[in-house]
Amino acid sequence: MEKMPYRDGEVLVDMKAAVAGAEAVTTTSDWRQALPVLTGSMATLRELRLSDAPSLLAMLSTEEVSRFISPPPTTVEGFERFIAWTHRERTAGNYACFAVVPHGMDSAIGIIQVRQLEPGFATAEWGFAIGSGFWGTGVFLDGAKMVVDFAFDVVGAHRLEARAAVANGRGNGALRKIGAVQEGVLRKSFLRNGEYLDQTLWTILDDDWRRSRSAGGARIH
Ligand SMILES: CC(C)(COP(=O)(O)OP(=O)(O)OC[C@H]1O[C@@H](n2cnc3c(N)ncnc32)[C@H](O)[C@@H]1OP(=O)(O)O)[C@@H](O)C(=O)NCCC(=O)NCCS
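According to the numbering used here, the sequence shown holds residues 407 to 627 in order.
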């Protein structure tokens, strides 16, 4: 498949240095070589490391977390293979997967991922899962906002889609809260445990997101 030119911003500014009043450190960086480290009020997002595998297995393989998502790996080795795959797909420019690491911790308690739905990443799809001990804490919203910023400002997507099983109350609630717009229901679109489930299609557009961000809110409508 022929590669489309990307229109991502390639300059990342070290905000910590800027906030500290020090001279801003400008790093020329391409997310396909290495993901930026994104620092929020509750969590840091960074590239997955092979050493995250045991923590991700413990966090994501429980029944309540995996109920409405594609089955995660069931072993540490399986997660290591997944992590290696995320690095290859990032290098190819198809996909980015961030580890969610709450402040004060070292290991990932979840992931937020973005993949292109067409060459060039104009339309992208995101997905996420965090350990149930962190549900309702605000860690997801903190990380999610940074990934939406990343998808629009760094990767250059203009439309970000998410699919959540209609029966997934928290998944749909989290997308509604961040300001995604419900565009429709994809009937019997997701096979889980031998059953086809309906999914809600949620979208965020870059213009809406930027307008909302400059107005200072998470909601875009
Ligand atoms: C999706 C996920 C990352 C969201 O993180 P979270 O910390 O649970 O999200 P939040 O608590 O910030 O937001 C969820 C919202 O849904 C609401 N909610 C919870 N159960 C609900 C239900 N049954 N129906 C409607 N809304 C519901 C919550 O009240 C909350 O809104 P509020 O903060 O305004 O009260 C997390 O739940 C998760 O990992 N789930 C398992 C994996 C998954 O399903 N991923 C989504 C695939 S689309």
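Here a beta-carbon is modelled for each residue, glycine too, at the ideal position from N, C-alpha and C.
Reduced DSSP secondary structure (H/G/I, E/B, other) of residue i
{"i": "Ala550", "result": "helix"}
{"i": "Phe527", "result": "coil"}
{"i": "Thr445", "result": "strand"}
{"i": "Pro508", "result": "strand"}
{"i": "Val560", "result": "helix"}
{"i": "Val520", "result": "strand"}
{"i": "Leu462", "result": "helix"}
{"i": "Gly533", "result": "strand"}
{"i": "Leu451", "result": "strand"}
{"i": "Arg438", "result": "coil"}
{"i": "Arg565", "result": "strand"}
Cβ-based neighbour list, residue i, same chain, cut-off 6 Å, excluding 5 preceding and 5 following
{"i": "Gln519", "result": "Cys503 and Gly533"}
{"i": "Asp612", "result": "Phe558 and His564"}
{"i": "Ala568", "result": "Trp532, Leu581 and Trp608"}
{"i": "Phe485", "result": "Ala459, Leu462, Leu463 and Pro479"}
C-alpha distance - residue i paired with residue j, whole-angstrom precision
{"i": "Lys489", "j": "Leu597", "result": "The residue you asked about is not Lys; residue 489 is Ile in the sequence shown. So the alpha carbons of these two residues sit roughly 24 Å apart."}
{"i": "Ala557", "j": "Asn599", "result": "31 Å"}
{"i": "Ala530", "j": "Val554", "result": "10 Å"}
{"i": "Leu581", "j": "Met552", "result": "14 Å"}
{"i": "Asp436", "j": "Pro442", "result": "9 Å"}
{"i": "Val482", "j": "Val545", "result": "24 Å"}
{"i": "Asp512", "j": "Gly539", "result": "16 Å"}
{"i": "Ala440", "j": "Asn500", "result": "13 Å"}
{"i": "Glu470", "j": "Ala570", "result": "15 Å"}
{"i": "Arg494", "j": "Leu444", "result": "20 Å"}
{"i": "Val561", "j": "Arg496", "result": "11 Å"}
{"i": "Arg616", "j": "Gly585", "result": "12 Å"}
Proximal residues to residue i (C-beta, below 7 Å), its chain only, five neighbours per side dropped
{"i": "Ser467", "result": "Pro478 and Thr480"}
{"i": "Ser447", "result": "Asp548"}
{"i": "Ala514", "result": "Leu454, Asp458, Ser461, Leu462, Ala505, Val506 and Val507"}
{"i": "Ala449", "result": "Val506, Val507, Pro508, His509, Val545, Asp548 and Gly549"}
{"i": "Trp541", "result": "Arg576"}
Environment of residue i [buried if 16+ CB atoms lie within 10 Å]
{"i": "Leu456", "result": "exposed"}
{"i": "Gln522", "result": "buried"}
{"i": "Trp491", "result": "exposed"}
{"i": "Gly537", "result": "buried"}
{"i": "Gly579", "result": "exposed"}
{"i": "Gly622", "result": "exposed"}
{"i": "Ala498", "result": "exposed"}
Residues near residue i by beta carbon distance below 8 Å, same chain, minus five either side
{"i": "Glu589", "result": "Leu607, Trp608 and Thr609"}
{"i": "Lys594", "result": "Tyr602, Leu603 and Asp604"}
Threshold first: 4 residues or longer. Then list the alpha helix (DSSP H) segments lying entirely within the region 576 to 615, N to C. Taking only runs of at least 4 residues, no alpha helix (DSSP H) segment lies wholly in the region 576 to 615.
Please list the segments of the alpha helix (DSSP H) lying wholly inside the region 470 to 515, counting only runs of 4 or more residues, in order along the chain. Annotation note: the region 470 to 515 contains the following uninterrupted alpha helix (DSSP H) runs of length 4 or greater, listed N- to C-terminal: 482 to 497.
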